[in-house]
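With this note's numbering, the residue at position 145 of the sequence shown is 858, and numbering never jumps. Glycine included, C-beta positions come from ideal geometry on N, C-alpha and C. Treat the numbers as computed from the prediction; the structure is a model and nothing was measured. Contents: one structure, followed by commentary.
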Amino acid sequence: MLTNTIENIRNQFPFLTNKVSGKELIYFDSAATSQRPQSVISAINEWNSFANANVHRAVHHLSACATDNYESGREAIRKFVNASKREEIIFTSGTTASINLLANTIGGVLLKEGEAVLITEAEHHSNIVPWQILTQRIGAKLIYLPVDESGQWDMEQLDTLFESENIKFVSAAHISNVLGLVNPIERLIQTAHKYGAKVHIDGAQGIVHQEVDVKKIDCDFYSFSGHKIYAATGIGVLYGKESLLDILPPWMAGGDMVDTVTFYKTTYAKLPLKFEAGTPNFIGGATFTPALEFARSVRCHQVEQNERMMKDFLIKELTSIEGLEIYGMGENKSPVYSFSIDGIHHSDIAMLLDQMGIAVRSGLMCAEPLINKFGKTGLVRVSLAPYNTLQECEIFIDALNRAIRMLR
Ligand SMILES: Cc1ncc(COP(=O)(O)O)c(C=O)c1O
């Protein structure tokens, strides 16, 4: 039954039939980008072939069809995250663009000179650098919530930080791309709100592994990328509470985000178009419909069971390798395993695994400050998806042991 379900999932992914170095591919890099099921690939081909007309503009039939497809993608997202209204779903080009949109619009509105932004030590560069630029530009402060040696947020410091600093905006990852830990975002949000701060959650990894109900968690903003959740690349989402999006100024300007334009003055379109200047990635946006249908279909007992089996096996095997350290341990772990091995360079491991047909990520993983905090110059990361199997994990552990023997 379990094998059938996973086999059935695998059969939907043509990418997995690839061979690398003459070997059957084992794709363990889904946290960087997930593969796309055939339903998404077929939809992209179909829309590129027969529905490639610009959206929100012409009255002709095909423009109306393209607009419907694009807006259906928005509706699929709204339902998936349980937002109240389509106006709260802004299309961007990805998580990075969503965070940059916020960092370029909250200054002077939700964050003023002398106030502070709180992030954590376990953020992706996309959730660090935009806040550095913003705080430096407007004379605000950037503060970090520490993580402990196992990668968990140090929640004991949270209240102290809010009491001692004038924090007005918080931005933190739902799940770190390095540690794979599901962070206590609800507690963070409640605490921030108690002190009058607004909260953005970087859901690039979180949306993939957790059910997200933006009303229940009560975040003010939540962002994610299409390409990590089976949709097209070059498209992403910023969810925001309507009352907040309404008071933020537009950032990118151009077609589609306007109501009327005269030579000297412009009035802006209503949400969500106020933040969607220019021709959007309308085919990408439409792919959220089949992609999220697929994502929903894999939130089932068999997939959970498969994930648990792979997790138990990998943790047991990895921790028994001499000199290997896993970063990010706890009950709240999603299937992302980053590790270092004493005396062996992360790139050498990744290169040897690649020659054995296994794709893993290595290096700083766009989280240089965190990896430096652990005293490392890079890590190897294995990240799994519902299309991975226990058998692949077994092959991987054999290959890893072989690579270590070659390098020691
Ligand atoms: C936690 C996290 N935040 C942000 C990003 C940036 O996503 P994108 O490159 O799709 O904009 C990533 C990508 O790996 C991520 O894992």
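Taking all protein chains shown into account, do 16 or more other C-beta atoms lie within 10 angstroms of the C-beta of residue i, making it buried, or fewer, making it exposed?
| i | result |
| --- | --- |
| residue 977 | exposed |
| residue 1104 | exposed |
| residue 881 | buried |
| residue 771 | exposed |
| residue 962 | exposed |
| residue 933 | buried |
| residue 989 | buried |
| residue 763 | exposed |
| residue 1019 | buried |
Which same chain residues end up closer than 6 Å to residue i when comparing Cβ atoms and leaving out the 5 residues on each side of it in sequence?
| i | result |
| --- | --- |
| residue 905 | 883 and 912 |
| residue 1005 | 789 and 793 |
| residue 975 | none |
| residue 768 | 779, 780, 783 and 995 |
| residue 940 | 746 and 946 |
| residue 1076 | 1091 |
Taking 7 Å as the cut-off, is the CB of residue i close to at least one heavy atom of ligand 1?
| i | result |
| --- | --- |
| residue 1079 | yes |
| residue 915 | yes |
| residue 820 | no |
| residue 840 | yes |
| residue 922 | no |
| residue 918 | yes |
| residue 938 | yes |
| residue 807 | yes |
| residue 966 | no |
| residue 817 | no |
| residue 886 | yes |
| residue 745 | yes |
| residue 837 | yes |
| residue 896 | no |
| residue 949 | yes |
| residue 890 | yes |
Contact defined as beta carbons within less than 8 Å: I believe residue i pairs with residue j. What is the distance between those atoms, to the nearest angstrom?
| i | j | result |
| --- | --- | --- |
| residue 812 | residue 843 | 5 Å |
| residue 722 | residue 1100 | 5 Å |
| residue 741 | residue 1072 | 6 Å |
| residue 855 | residue 848 | 5 Å |
| residue 1045 | residue 894 | 5 Å |
| residue 795 | residue 907 | Not a contact, Cβ separation roughly 23 Å. |
| residue 1094 | residue 744 | 7 Å |
| residue 739 | residue 1108 | 6 Å |
Excluding the 5 residues flanking residue i on each side, which residues of the same chain have their C-beta closer than 8 Å to its C-beta?
| i | result |
| --- | --- |
| residue 1119 | 1065 |
| residue 1079 | 837, 838, 839 and 890 |
| residue 959 | 984 |
| residue 910 | 831, 875, 880, 881, 882 and 883 |
| residue 1114 | 1034 |
| residue 956 | none |
If we define contact as Cβ-Cβ less than 8 Å, is residue i a contact residue for chain D?
| i | result |
| --- | --- |
| residue 753 | The structure shown contains no chain D; it holds only a single protein chain. |
Just to confirm my understanding: we take residue i, look at its own chain, exclude 5 residues before and 5 after, and list those with CB closer than 7 Å. What are they?
| i | result |
| --- | --- |
| residue 1036 | 1054, 1055 and 1056 |
| residue 1031 | 1037, 1039, 1050 and 1052 |
| residue 868 | 897 and 900 |
| residue 920 | 937 and 942 |
| residue 1043 | 863, 865 and 894 |
| residue 818 | 961, 962 and 964 |
| residue 828 | 853, 879 and 881 |
| message | I want to know whether the region 799-813 touches the region 975-993 - three or more CB-CB distances under 8 Å. | response | yes
| field | Contact between the region 964-971 and the region 1016-1028 (3+ Cβ pairs under 8 Å) | value | no
| message | With three or more C-beta pairs closer than 8 Å as the rule, is the region 861-868 touching the region 906-926? | response | no
| request: Report yes or no: do three or more beta-carbon pairs, one from the region 1005-1014 and one from the region 740-757, lie closer than 8 Å? | output: yes
| request: Tell me, please, whether the region 731-738 touches the region 1080-1089 by the rule of three or more beta-carbon pairs shorter than 8 Å. | output: no
| query | Are the region 944-962 and the region 807-826 touching, with three or more C-beta to C-beta distances below 8 Å? | reply | yes
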